[in-house]
Amino acid sequence: MDNITHTLTGVLASKAGPPAHHTRLIFWVLILAVNLPDVDFLLQFFGDRIFYMEHHRGLSHSILFAPVFAAFVSGILKISVKNIDLKLVFGYTLVGVFIHIFFDLITSFGTMLFYPLTDARYSLDLIFIIDPWLTGLMIIFVILARKFKMQRRKIIWGAIAVIVAYFTIALVNREIVRLKAEDYFSDMGIQYNRMIVLPQPLAITNWMVAVETDDAAYQIFTNTFQNPDEYLVLEYPLIEPNKFIYLARNTEEVQFFKWFARLPVYEYYTDENENHIVEYFDLQFMFNPRLAERFNATSTRAPFVLRLVFANDGSLLATDF
Numbered sequence: 010m011d012n013i014t015h016t017l018t019g020v021l022a023s024k025a026g027p028p029a030h031h032t033r034l035i036f037w038v039l040i041l042a043v044n045l046p047d048v049d050f051l052l053q054f055f056g057d058r059i060f061y062m063e064h065h066r067g068l069s070h071s072i073l074f075a076p077v078f079a080a081f082v083s084g085i086l087k088i089s090v091k092n093i094d095l096k097l098v099f100g101y102t103l104v105g106v107f108i109h110i111f112f113d114l115i116t117s118f119g120t121m122l123f124y125p126l127t128d129a130r131y132s133l134d135l136i137f138i139i140d141p142w143l144t145g146l147m148i149i150f151v152i153l154a155r156k157f158k159m160q161r162r163k164i165i166w167g168a169i170a171v172i173v174a175y176f177t178i179a180l181v182n183r184e185i186v187r188l189k190a191e192d193y194f195s196d197m198g199i200q201y202n203r204m205i206v207l208p209q210p211l212a213i214t215n216w217m218v219a220v221e222t223d224d225a226a227y228q229i230f231t232n233t234f235q236n237p238d239e240y241l242v243l244e245y246p247l248i249e250p251n252k253f254i255y256l257a258r259n260t261e262e263v264q265f266f267k268w269f270a271r272l273p274v275y276e277y278y279t280d281e282n283e284n285h286i287v288e289y290f291d292l293q294f295m296f297n298p299r300l301a302e303r304f305n306a307t308s309t310r311a312p313f314v315l316r317l318v319f320a321n322d323g324s325l326l327a328t329d330f
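Given below as structure tokens:
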């Protein structure tokens, strides 16, 4: 989730507790806490892009590490700010960190919820990473809470109820799209091994469906109201592995990509210098081709494409991610 929305969750949470806790200190503690896990962006300055992506939403986004994080921050505040209630500050810091983790969890990017016990990435696939409608609703409720201070707590809890309802509507929309897609592939006689249904930009009615079969992957960009007979279906046939594809599979970069990607697809070709190119991309991050055409995008594959370049003798010449 974007940090503007994270910050707004902190503003709302700071006024949701008992009136005695509606202090400037608690306000700023929560603003800090709901943004704190994203401190891992600093990792990009200590390694390459793969190193950063491997650890982003890792330890700082783990519910197991959250109490340690909260204790460290509240301890620093205890030293730097006089006469604060350490338990209260720790509690609100922990709440803020948990709120951040939850709002990242509802997106499709994936969060290592139980790191370091496991590096499995979990996601609820409800909301796109930037949702202007959700952010707008939060802004409206923050303005209302500031304007009607006597009713502030009721307004804040009303906001929480609306946000929960928004997530519920997103869930219902996703399941409607899933059921339609299941019927479509059944009618087409396509038997798939797995399906993913992921949120798309601009509205909770916009979704992407992708399935993987033994010999291909299929992708649909759709919405809650579209009928299956209107689907634009993209097909990605499985390329028969050759020497260079096997070499690529054994690299650390491809092993990382398969761990990171929700539904990885690869292709093979040679360039003008007769080098052998193996490219991996993730259907999760494909642009809707209709939107790409509208905005004159040169490629629908973005933003994470792993490209490996091999010489004829099989030596790896370059890796780009």
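In this note's numbering, the protein residues as written are 10 to 330. Each residue gets a CB set at the ideal place from its N, CA and C atoms; glycine is no exception. This structure is a prediction, so every number in the text was calculated from the model and none was measured.
| query | result |
| --- | --- |
| Residues in the same chain with beta-carbon distance under 7 Å from Tyr284, minus the five sequence neighbours each way, listed in chain order, please. | For the record, residue 284 in the displayed sequence is Asn; it is not Tyr. Closer than 7 Å at the Cβ level, and outside the excluded window around Asn284, lie Val318, Phe319, Ala320, Leu326. |
| Counting only the same chain and skipping the five closest in sequence on each side, list residues whose C-beta sits under 6 Å from that of Asp49. | His65, Ser69 |
| Starting from Ala179, follow the alpha helix (DSSP H) in both directions and report where the run begins and ends. | 161 to 196 |
| Whose C-alpha, out of Leu247, Val90, Pro76, Pro298, is nearest the C-alpha of Tyr289? | Leu247 |
| Terminal residues of the continuous alpha helix (DSSP H) containing Asp113? | 95 to 114 |
| Report yes if the CB atom of Ser132 is closer than 8 Å to the CB atom of Phe112, and no otherwise. | no |
| In the DSSP assignment, the alpha helix (DSSP H) including Pro141 goes from what residue to what residue? | 141 to 156 |
| Hey, how far is the Cα of Ala170 from the Cα of Asn92? | 35 Å |
| Classify Arg155 as buried or exposed, calling it buried when 16 or more other Cβ atoms lie within 10 Å of its own Cβ. | exposed |
| For Ala129, which of helix, strand or coil comes out of DSSP? | coil |
| Identify which residue in Gln228, Phe176, Arg316 has its Cα closest to the Cα of Thr214. | Phe176 |
| If you run the structure through DSSP and keep just helix, strand and coil, what is Thr18? | helix |
| Measure the Cβ-Cβ separation of Asp134 and Pro208 and say whether it is below 8 Å. | yes |
| Let me confirm a value: Ser23 is counted as buried when at least 16 other C-beta atoms fall within 10 Å, else exposed. Which label applies? | buried |
| With respect to the beta strand (DSSP E) encompassing Pro246, which residues constitute its N-terminal and C-terminal limits? | 242 to 246 |
| So if DSSP puts Ala327 in a beta bridge, which residue, or which two residues, is it bridged to? | Val318 |
| Is Arg203 helix, strand or coil by DSSP? | strand |
| Helix, strand or coil for Gln228 per DSSP? | strand |
| Buried or exposed for Tyr255, going by 16 or more other Cβ atoms inside 10 Å? | exposed |
| Between which residues of its own chain and Leu243 is the CB-CB distance below 6 Å, once the five residues before and five after are set aside? | Gln228 |
| For Ile185, collect the residues of the same chain with a Cβ closer than 7 Å to its Cβ; drop the 5 residues on either side in sequence, then sort them by chain order. | Thr233 |
| Just list the residues that DSSP pairs Asn215 with in beta bridges. | Asn232 |
| How far does the alpha helix (DSSP H) with Pro273 in it extend, from its first residue to its last? | Not the alpha helix (DSSP H): Pro273 falls in the beta strand (DSSP E), residues 273 to 279. |
| Reducing DSSP to helix, strand and coil, say where Tyr255 ends up. | helix |
| Grouping DSSP H, G and I as helix and E and B as strand, with all else coil, what is Val287? | strand |
| The alpha helix (DSSP H) that contains Pro46, what's its start and end? | It is not in any alpha helix (DSSP H) - Pro46 carries neither H nor E in the DSSP assignment. |
| In its own chain, which residues sit with a C-beta less than 6 Å from the C-beta of Asn139, not counting the 5 before and 5 after it? | Residue identity check: residue 139 is Ile in the sequence provided, not Asn. Excluding positions up to five away in sequence, the list reads Asp11. |
| Anyone know if the C-beta pair for Glu221 and Tyr201 falls short of 8 Å? | yes |
| Can the beta-carbon of Val218 be found closer than 8 Å to that of Ala190? | yes |
| When you compare only the Cα positions, how much space is there between Pro183 and Asn282? | Looking at the sequence provided, one finds Arg at residue 183 rather than Pro. Near 46 Å, if we compare the C-alpha coordinates of Asn282 and Arg183. |
| With distances taken from CA atoms, which of Asp223, Leu211, Pro210 is nearest Ile199? | Asp223 |
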